[in-house]
Amino acid sequence: MSGRRRTSTSSTSSEAPDSARKAVTPRVRAALWTAGALVACGSLGAAYGVVPGTTGGSGGDTVTVMTWAPEQTSATNKPGMPAMARAYARWVNAHGGLGGRRLDVLTCNDHNESVDAAKCARLAVKENVAAVVGSYSQYGSSFLSPLESAGIPYIGGYGLTDDEFKSVLSYPVNGGQPALLAGLGEQLGKSCGPVALVRPDTIAGDQLPLLLDSGLKAGGHDAAVDLRAAEDATSFDPQAQEALHRATADPRAKGCVLPALDDRTGTFMDSFRRLSEDYPAVRTASVLGSVDQPVIDASGGSSGPYEGAYLTGWYPAASDPRWDRMKKVIREQAFGDNRIDPTDAGVQTTWIAYTVLRRVVESLGKGEVSARTIRTALDNGLEVNTDGLTPPLRWRFQDLTAVIDYPRLINSDVTFQVVRDGRLAAARKGFVNVSKTLESTAAA
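Note that the working numbering has the sequence shown beginning at 110, numbered continuously upward.
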């Protein structure tokens with residue numbers, strides 16, 4: 110839940126990135142928007158010199174794709190995503206490849222900078238990749254434009270930016286941050302007193318209160334207190350103190366504090382834990398990606414501040430056996446690589462995104478594998494089964510939701526989880542669909 114900083118960022122170094130409205134109903138409006146985008150997309154090749162029928166990354170018996178994410182920065186880092194992509198490639202190549210074709214994965218570090226995000230995308234174009242798969246960047250407007258110019262599909266991005274749910278070349282596998290916050294609001298609305306949200310003071314962060322409040326409203330709850338914090342702060346004492354003050358304002362109801370600060374959530378919790386001794390007890394809550402099992406373990410497990418915390422995720426809990434295949438691949442191909450954590454939402458999203466890629470390539474049989482044929486397969490209704498980790502995924506026009514602000518959203522299911530005895534566990538069986546809540550947000 111990072112976002113573009115409000116202040117201008119400095120230019121990146123010369124180092125190259127790493128190798129790589131009322132009468133019309135909401136659904137009709139979404140349909141019309143998407144139809145227009147589809148028409149525009151159909152002319153991409155002619156407008157930008159992309160020659161129909163070129164390999165676009167197939168390279169004969171090789172399918173070349175790219176995965177990018179920020180690494181070694183002072184804000185959010187997702188090194189497990191490119192590492193998982195490489196491990197997936199090693200595994201699939203050891204078992205016959207993708208429909209008999211070798212998978213070649215290029216990776217790139219966007220450094221949490223818009224300039225480098227664009228560089229990664231231009232590198233993908235230069236390398237003629239068939240798709241960008243399972244990636245993370247807060248600069249959707251920077252990287253999607255080069256991809257759209259070249260007709261390269263963006264499969265299974267993290268869902269961090271609005272752009273990922275608007276571009277006709279984006280094929281999201283989850284509901285992104287909108288679904289997580291709306292779902293968490295629904296979960297907290299039925300069980301919390303006052304709610305205090307601590308979130309990044311960024312453009313993307315500005316969207317979070319509206320999304321959370323839509324869920325809280327669905328649960329009959331008042332809006333949350335919105336507390337901003339610098340994305341790369343090293344201390345959150347003022348925000349933690351204010352959050353505790355606001356969450357304990359009603360002595361009749363136990364309040365909830367919700368830090369949504371990605372990698373900086375742990376830093377916030379250091380401040381929160383130290384200051385909470387001076388306040389009545391409150392519950393904590395967050396979304397997966399800001400809090401995961403290693404964060405819970407590092408903060409003291411069952412004796413830490415996350416015990417009893419509510420969390421919302423896109424997928425089943427990491428202990429669910431449906432993740433066993435992914436874990437086996439990690440053991441076989443990335444044993445000892447501590448960048449790859451199977452409980453990390455980015456790693457999980459990358460696995461699902463590559464599952465989509467595999468299904469698409471296999472559906473093409475002996476035919477050409479290119480950016481164009483991959484897009485065609487997805488647009489024409491190929492259904493992807495992810496072994497229950499998500500609902501069946503399909504990106505046809507009729508599969509799009511009626512959420513005006515997110516016309517490419519096809520999967521608005523989330524899971525409710527809770528920390529019990531220091532471990533993440535399902536708080537409710539199965540998936541919870543939050544599309545109605547998201548639709549109410551758009552109408553607000």
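All C-beta atoms, glycine included, are put in the ideal place defined by N, C-alpha and C. Quantities reported herein were computed from a predicted structural model and do not represent experimental measurements.
Between ARG383, ASP359, ARG431, ASP453, which has its C-alpha nearest ALA404's C-alpha? For the purposes of this step, residue 404 is taken as the residue at position 295 of the sequence shown. The displayed chain sequence assigns Val, not Ala, to residue 404. Cα-wise, what sits closest to VAL404 is ASP453.
If you compare alpha carbons, which of ALA233, PHE345, ASP170 is closest to LEU215? Looking up residue 215 in the sequence shown gives position 106. Comparing Cα-Cα distances from LEU215 to each of ALA233, PHE345, ASP170, the minimum goes to ALA233.
The segment 516-524 touching the segment 475-492, judged by at least three CB pairs closer than 8 Å: no
If you measure between the beta carbons of LEU491 and VAL527, is that distance less than 9 Å? For this step, residue 491 is matched to residue 382 along the sequence shown. For this step, residue 527 is matched to residue 418 along the sequence shown. Cβ distance not < 9 Å, so LEU491 and VAL527 don't count as in contact.
In whole angstroms, what is the alpha-carbon distance linking LYS363 and ALA332? Here the question's residue 363 lines up with position 254 in the sequence shown. Here the question's residue 332 lines up with position 223 in the sequence shown. Those two C-alpha atoms are separated by around 16 Å.
Does the segment 363-375 touch the segment 181-191, meaning 3 or more C-beta pairs lie closer than 8 Å? Enough Cβ pairs lie closer than 8 Å, so yes.
Let me make sure I understand the geometry here. Which of GLY531, LEU547, LYS228, VAL307 has the alpha-carbon closest to that of PHE345? Translated into the one-based positions of the sequence shown, residue 345 becomes position 236. Checked all of GLY531, LEU547, LYS228, VAL307; the closest Cα to PHE345 is VAL307.
From ASP100 to SER323, what does the alpha carbon distance come to, in whole angstroms? Look at the range of the chain in this structure, 110 to 553, and you will see that residue 100 is not part of it.
Inter-stretch contact (C-beta, 8 Å, three-pair minimum) for the segment 289-299 and the segment 413-423: Here the segment 289-299 lies against the segment 413-423, with 3 or more beta-carbon pairs under 8 Å apart.
Under DSSP, the beta strand (DSSP E) around TRP177 begins and ends at which residues? Reading the sequence shown from its first residue, position 68 is the one you call residue 177. Annotation for TRP177: the continuous beta strand (DSSP E) segment containing it runs 171-178.
Taking C-beta to C-beta, are SER557 and ALA327 nearer than 9 Å? No answer is possible for residue 557: the residues shown for the chain start at 110 and end at 553.
So, for ARG211: in the same chain, excluding its five sequence neighbours on each side, which residues have a beta-carbon less than 8 Å away from its beta-carbon? Residue numbering aside, residue 211 sits at position 102 when the sequence shown is read from its first letter. Closer than 8 Å at Cβ, skipping near neighbours: ASP170, THR171, VAL172, ASN202.
DSSP-derived helix/strand/coil call for LEU473: The residue you call residue 473 lines up with position 364 of the sequence shown. Residue state, collapsed to three classes: coil.
Given a cut-off of 9 Å, decide if TYR248 and ASP219 are closer than it, judged by their beta-carbon atoms. Working through the sequence shown from its first residue, we reach residue 219 at position 110. Working through the sequence shown from its first residue, we reach residue 248 at position 139. Their beta carbons are under 9 Å apart, which means ASP219 touches TYR248 by this criterion.
Measuring CA to CA, which of ALA339, ARG337, GLY302 is closest to LEU325? Walking along the sequence shown from the start, residue 325 turns up at place 216. Of the candidates ALA339, ARG337, GLY302, GLY302 places its Cα closest to the Cα of LEU325.
Go through its chain and collect everything with a Cβ distance to LEU367's Cβ below 8 Å, but skip five positions before and after it. For the purposes of this step, residue 367 is taken as the residue at position 258 of the sequence shown. Cβ neighbours of LEU367 beyond the five flanking positions: LEU293, LEU297, VAL304, ALA305, LEU306, VAL307, LEU321, ALA333, THR393, ALA394, SER395.
Go ahead and pull the three-state DSSP assignment for PRO309. Walking along the sequence shown from the start, residue 309 turns up at place 200. Strand.
Does the distance from the C-beta atom of LEU353 to that of PHE381 stay below 9 Å? Working through the sequence shown from its first residue, we reach residue 353 at position 244. Working through the sequence shown from its first residue, we reach residue 381 at position 272. A contact, by the Cβ cut-off of 9 Å.
With distances taken between CB atoms, is the gap from ALA338 to GLN350 smaller than 9 Å? Within the sequence shown, numbered from 1, the residue matching residue 338 stands at position 229. Within the sequence shown, numbered from 1, the residue matching residue 350 stands at position 241. Result no, Cβ atoms of ALA338 and GLN350 do not sit closer than 9 Å.
Residue from PHE444, ALA288, CYS229, THR311 whose Cα sits closest to the Cα of THR510: The count along the sequence shown starts at 1 and reaches residue 510 at position 401. Comparing Cα positions, the closest option is ALA288.
Excluding the 5 residues preceding and the 5 following ALA467 in the sequence, name in chain order all residues of the same chain whose CB lies nearer than 6 Å to its CB. Mapped onto the sequence shown, residue 467 falls at position 358. Just to set this straight, residue 467 is Arg in the shown sequence, not Ala. Closer than 6 Å at Cβ, skipping near neighbours: LEU207.
For CYS365, the residue or residues it bridges with in DSSP: For the purposes of this step, residue 365 is identified with residue 256 of the sequence shown, where counting begins at 1. The partner list for CYS365 (beta bridge, DSSP) reads VAL304, ARG392.
Going by beta carbon distance, what residues of the same chain come within less than 8 Å of PRO76, once the five residues before and after it are set aside? No statement about residue 76 is possible, as the shown extent of the chain runs from 110 to 553 and does not include it.
Buried or exposed for THR343, please, with buried defined as at least 16 other CB atoms from any protein chain shown within 10 angstroms of its CB. Within the sequence shown, residue 343 is the residue found at index 234, counting from 1. Answer is exposed; the Cβ neighbour count stays below 16.
Nearest neighbour of SER258, chosen from ALA230, TYR280, TYR267 [CA to CA]: By 1-based counting over the sequence shown, the position of residue 258 is 149. Of the candidates ALA230, TYR280, TYR267, the one whose C-alpha sits nearest the C-alpha of SER258 is ALA230.
Determine, using beta carbons only, whether GLU441 and TRP200 come nearer to each other than 9 Å. Stepping through the sequence shown from its first residue, residue 441 is reached at position 332. Stepping through the sequence shown from its first residue, residue 200 is reached at position 91. Taking 9 Å as the cut-off, the beta carbon of GLU441 is found closer than this to the beta carbon of TRP200.
What are the boundary residues of the alpha helix (DSSP H) that includes THR374? Here residue 374 is taken as the residue at index 265 of the sequence shown, counted from 1. Segment 374-384, the alpha helix (DSSP H) holding THR374.
Exposed unless 16 or more other CB atoms sit within 10 angstroms - verdict on ASN520: Against the sequence shown, residue 520 aligns to sequence position 411. Classification for ASN520: buried.
Helix, strand or coil for LEU547, going by three-state DSSP, please let me know. The count along the sequence shown starts at 1 and reaches residue 547 at position 438. In the three-state scheme derived from DSSP, where H, G and I count as helix and E and B as strand, LEU547 is classed as helix.
Please list the segments of the alpha helix (DSSP H) lying wholly inside the segment 460-516, counting only runs of 4 or more residues, in order along the chain. 480-488
Once DSSP output is grouped into helix, strand and coil, what is the label at GLY189? As a working mapping, residue 189 is identified with position 80 in the sequence shown. Helix, per DSSP.
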